[in-house]
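Remarks on the structure that follows.
Residue numbers (this note's numbering): 36 to 141.
Written as structure tokens, this is what we have:
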């Protein structure tokens, strides 16, 4: 994680990722991710309820990955490596299948 205004970078390694997937509208799917981290990469002390919001198109393409604290944007950004971990998770077949299910008209 990179905190805005600081040079220090801490690369988080996600051990487990738990998604909550919701259809926002006819264009976007929102995926809220909760993380269990590897013991060697704890979250920064100033984050209270760390999650990520991944905004996808109905076809499953990622439009944005946003770190959040207590459900709001926070003063951190993800590193390239953290974004790769999240992207790999969202691109898994089971997650893409759930996105497609939510994208289909009822």
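Every residue, glycine too, gets a C-beta built ideally from N, C-alpha and C.
For residue 131, three-class secondary structure by DSSP: helix
Ordered list of beta strand (DSSP E) runs contained in the segment 59 to 103, each at least 3 residues: 63 to 72 and 85 to 92
When 89, 81 and 52 are compared against residue 104, the one with the closest alpha-carbon: 81
Selected residue, minimal CA-CA separation from residue 96, among 119, 106, 131 and 116: 131
Contact check, residue 86 vs residue 68, beta carbons under 8 Å: yes
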